[in-house]
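Enquirer: In the numbering used here, the protein residues as written are 21 to 522.
Below is a structure I'd like to ask you about.
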């Protein structure tokens, strides 16, 4: 189980710093004591093996104390997106069948009306700063009697909901244990590493890539409340960070924010997904930080392919993770050959590496788990050496005049325009073409849509050139910087038809 590694390091290197948060430092030994103390309190409040415990807390040491304590009891952690409000929060709390809510007092004050109005009231335990006060007397490990089955649920993580209501991804203990082992090996993480964590801890990325690899190697975690491009390298120097995890546009933002070289820091590596090839090269050449681009999703236990120290191909998302097979499938489910594009499917050699099911949603589960394979809903292709290349979401593909268009291909090229700060591409119905291409553009200047079309002419095929342009103030995204495409159509902005206006 997750906490086994924590207590192992508490025995072997009790004084080693495990968590840094501002001026607060918590050793492995002290974290183990805090977890045991809080686990006993949760047990006294009725938390037992199999209980679902919701956790609403930001990037603070208290999150980790609570998360570890839940797992120590054999209960199931349900970390919640701290930005959830109203119906989204109500739905997640109700759908997860949480029997108790651990909540930061400030977040509770913000969301009290929703939490207190639940149809079935949920008991609340406040996450107070006092949780970090060490017990007055030494105590041994608090652990639920009996061994925990590695296939038992450890957590339910709710997907970001880019295509509708979020689904609760049930992850077994084995998924977390394997993530720690595999990620530490792939990155070469050692006890000397200091991993900067600014992505929200309720997400699989920092849990799988940072926390579990740190536990595996006995490394140190540096908790940052939230990502700040302006303070990024200052924080890295201050805390002597050696690595960090990223998602979405983090690297692109850093490259734009910090012109020129940045080598006055100790960062050696970063790991995550969604870095365009140009940005990847910039980060490595200008910042001296090795990029470990990977591909995965919460359902795959974090990732299925990854560029490692031994095997890297810029532009790809890497070769398969140990014990994982990748197959590219056609629309009818038939395996495709090298360089043929189709849906990415994955299979783990051992049960429990991937998710077991969507909580209380058998229809959604059966839609993605078929004959031992996980159908990701993402599109890609494999090269001759088995490296995977990501090509967008299957369901996001635009079907224009018989041609299949991946929005990401257009977005990546349009973002190279100096006046385009952000963009998102969708398909809109068309009586003749089936669908036409529409792009939402964020800019800080006046740009003629025809100029953007001209810019794209030499970069993408003619059938991909957008017809419709809308200029907006921002692109709706999830906490992990995924575009919420189903929200784009509700943006209030004037749409320019470049054909009728030509």
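Just so you know, even glycine gets a beta-carbon here, dropped at the ideal spot from N, CA and C.
Could you name the residues of the same chain whose beta carbon sits closer than 7 Å to that of residue 322, not counting the 5 residues immediately before and after it, in chain order?
Expert: As a position in the chain shown, residue 322 is number 302, starting the count at 1. So the list reads 199, 224, 228, 229, 316, once near-sequence residues are dropped.
Enquirer: Distance, Cα to Cα, residue 165 vs residue 29?
Expert: Start at 1 with the first residue of the chain shown, and residue 165 comes out as number 145. Start at 1 with the first residue of the chain shown, and residue 29 comes out as number 9. At residue 165 the pLDDT is 48, less than 50, meaning the model places this residue with poor confidence and gives no usable figure here.
Enquirer: For residue 419 and residue 425, what's the separation of their Cα atoms in angstroms?
Expert: Against the chain shown, residue 419 aligns to sequence position 399. Against the chain shown, residue 425 aligns to sequence position 405. Residue 419 and residue 425: Cα-Cα distance of roughly 6 Å.
Enquirer: Quick test of the definition: if touching needs 3 or more C-beta pairs under 8 Å, does the segment 342-354 touch the segment 389-409?
Expert: Judged by Cβ distances under 8 Å, the segment 342-354 makes contact with the segment 389-409, as three or more pairs qualify.
Enquirer: Between the alpha carbons of residue 182 and residue 107, how many angstroms are there, rounded?
Expert: By one-based count along the chain shown, residue 182 stands at place 162. By one-based count along the chain shown, residue 107 stands at place 87. Note that residue 182 scores a pLDDT of 48, beneath 50, so its modelled location is shaky; the value from the coordinates is reported in the next line. Cα-Cα distance, rounded: 16 Å.
Enquirer: Looking only at DSSP bridge pairs, what is residue 443 linked to?
Expert: On the chain shown, position 423 is the one that residue 443 refers to. Beta-bridge pairing links residue 443 to 461.
Enquirer: Using the C-alpha atoms, what's the distance from residue 85 back to residue 57?
Expert: The sequence position of residue 57 within the chain shown is 37, counting from 1. The sequence position of residue 85 within the chain shown is 65, counting from 1. Computed Cα separation, rounded: 9 Å.
Enquirer: Closer than 8 Å by C-beta to residue 100: which residues in its own chain qualify, once you throw out the five before and the five after it? Chain order, please.
Expert: Taking the first residue of the chain shown as position 1, residue 100 is located at position 80. Taken in chain order, the residues that qualify are 74, 75, 76, 109, 112, 113, 178, 222.
Enquirer: For the putative contact between residue 324 and residue 341, defined by C-beta atoms under 8 Å, what is the C-beta separation to the nearest angstrom?
Expert: Counting from one through the chain shown, the residue named residue 324 turns up at place 304. Counting from one through the chain shown, the residue named residue 341 turns up at place 321. Indeed, because the Cβ distance is near 6 Å, the residues count as touching under 8 Å.
Enquirer: Within 10 angstroms of its Cβ, does residue 42 collect 16 or more other Cβ (buried), or is it exposed?
Expert: Sequence index remark: in the chain shown, residue 42 carries index 22 (1-based). When all chains shown are included, residue 42 counts as exposed.
Enquirer: DSSP has residue 58 in a bridge; who is on the other side?
Expert: The count along the chain shown starts at 1 and reaches residue 58 at position 38. Beta-bridge pairing links residue 58 to no other residue.
Enquirer: Using a Cβ-Cβ cutoff of less than 7 Å, which residues in the same chain neighbour residue 416 once the five nearest sequence positions on both sides are dropped?
Expert: On the chain shown, position 396 is the one that residue 416 refers to. Excluding residues within five positions, the ones whose Cβ falls inside 7 Å are 427, 505.
Enquirer: Along the alpha helix (DSSP H) that carries residue 316, what are the first and last residues, could you check?
Expert: Working through the chain shown from its first residue, we reach residue 316 at position 296. Premise fails: residue 316 is in no alpha helix (DSSP H) and is neither H nor E.
Enquirer: Find the nearest neighbour of residue 436 within the set 468, 453, 479, judged by alpha-carbon distance.
Expert: To locate residue 436, count along the chain shown from 1; it is residue 416. The shortest C-alpha separation from residue 436 is found at 479.
Enquirer: Assign residue 288 to one of three DSSP states: helix, strand, or coil.
Expert: Translated into the one-based positions of the chain shown, residue 288 becomes position 268. If DSSP states are grouped into helix, strand and coil, residue 288 belongs with coil.
Enquirer: Using the beta-carbon count (16 or more within 10 Å), is residue 97 buried or exposed?
Expert: By 1-based counting over the chain shown, the position of residue 97 is 77. Residue 97 comes out buried.
Enquirer: Between residue 363 and residue 335, how many whole angstroms is the CB-CB distance? I'm expecting something under 8 Å.
Expert: Here the question's residue 363 lines up with position 343 in the chain shown. Here the question's residue 335 lines up with position 315 in the chain shown. About 20 Å separates the two Cβ atoms, so there is no contact after all.
Enquirer: Cβ of residue 519 within 8 Å of Cβ of residue 487?
Expert: One-based indexing of the chain shown puts residue 519 at position 499. One-based indexing of the chain shown puts residue 487 at position 467. Yes, the Cβ-Cβ distance between residue 519 and residue 487 is below 8 Å.
Enquirer: Are the CB atoms of residue 123 and residue 220 nearer to each other than 8 Å?
Expert: Working through the chain shown from its first residue, we reach residue 123 at position 103. Working through the chain shown from its first residue, we reach residue 220 at position 200. Their beta carbons are not under 8 Å apart, which means residue 123 does not touch residue 220 by this criterion.
Enquirer: Please check the pair residue 21 and residue 168, which I expect to be a contact at CB under 8 Å, by giving their CB distance rounded to whole angstroms.
Expert: Numbered from 1 along the chain shown, position 1 holds the residue referred to as residue 21. Numbered from 1 along the chain shown, position 148 holds the residue referred to as residue 168. Correct: roughly 5 Å between the Cβ atoms.
Enquirer: Could you spell out the range, first to last residue, of the alpha helix (DSSP H) harbouring residue 306?
Expert: Locating residue 306 in the chain shown gives position 286, where the first residue counts as 1. Residue 306 -> alpha helix (DSSP H) spans 297-307.
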